[in-house]
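Count along the sequence shown from 1, then add 178; that gives the number in the numbering used here.
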Amino acid sequence: MNELYKIKKNLLINEINYINNKNKNNIICINIGCDNKVSIIKYPLDPGGISSLKIECLVCSESRKKNINLPNIIFHKKTYCENKDGIFGFLCPMDNTRYSEFSSEIYHLKYLDNDHSNNSLENIKTFCLICNTCYYM
Ligand SMILES: [Zn+2]
Ligand SMILES: [Zn+2]
179 MNELYKIKKN LLINEINYIN NKNKNNIICI NIGCDNKVSI IKYPLDPGGI SSLKIECLVC
239 SESRKKNINL PNIIFHKKTY CENKDGIFGF LCPMDNTRYS EFSSEIYHLK YLDNDHSNNS
299 LENIKTFCLI CNTCYYM
């Protein structure tokens with residue numbers, strides 16, 4: 179299966195699930211080449227609800243956090259802030275030549291539309307903690 183096909187397939191699956199009544203049990207991991215379903219965290223206030231959906235599957239998120247590369251999987255999370263060019267309407271205040279000096283904990287994956295069932299590549303971007311916080315102010 180080639181890469182582009184996989185991207186399209188995952189996008190299509192997520193798009194169909196999004197349209198079809200937001201079927202939260204069938205959202206596919208954002209990472210290119212991965213067909214696993216996303217992991218679901220049980221929050222006491224919203225058990226099994228839509229806000230409990232993660233962006234990646236458990237295998238990907240655990241591997242990525244441990245810096246382990248998975249064969250044929252391209253992680254979607256960047257090691258820089260995607261607001262570096264000001265797509266939020268303000269410029270990222272971090273020095274963009276120094277993004278790589280910071281741990282991945284500084285960077286968060288964010289749903290642009292805040293809809294946790296919309297796991298499409300365009301809807302999920304990486305932002306630094308500052309931009310992520312400023313976005314809500
Ligand atoms: Zn995955
Ligand atoms: Zn930023």
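Each residue gets a CB set at the ideal place from its N, CA and C atoms; glycine is no exception.
Three-way DSSP call (helix, strand, coil) for residue i in this model
i	result
C259	coil
K215	strand
Y314	coil
L248	coil
L231	strand
Any non-hydrogen atom of ligand 2 closer than 7 Å to residue i Cβ
i	result
I265	no
S235	Looking at the sequence provided, one finds Cys at residue 235 rather than Ser. Because no heavy atom of ligand 2 lies under 7 Å away, the Cβ of C235 does not count as near it: no.
N261	yes
F305	yes
D315	The displayed chain sequence assigns Met, not Asp, to residue 315. Answer for M315: no, Cβ out of range of ligand 2.
C320	Outside the displayed span of the chain (179 to 315) sits residue 320, for which this structure offers no information.
Distance cut-off 7 Å: residue i Cβ against heavy atoms of ligand 1
i	result
N209	yes
N214	yes
C309	no
Segment limits, beta strand (DSSP E) that includes residue i
i	result
K303	I302 to C306
K288	Y285 to Y289
8 Å Cβ cutoff, residue i in contact with chain B
i	result
T304	The chain labelled as chain B is not found in the depicted structure, where only one protein chain is given.
Residue range of the alpha helix (DSSP H) that includes residue i
i	result
E240	L236 to K243
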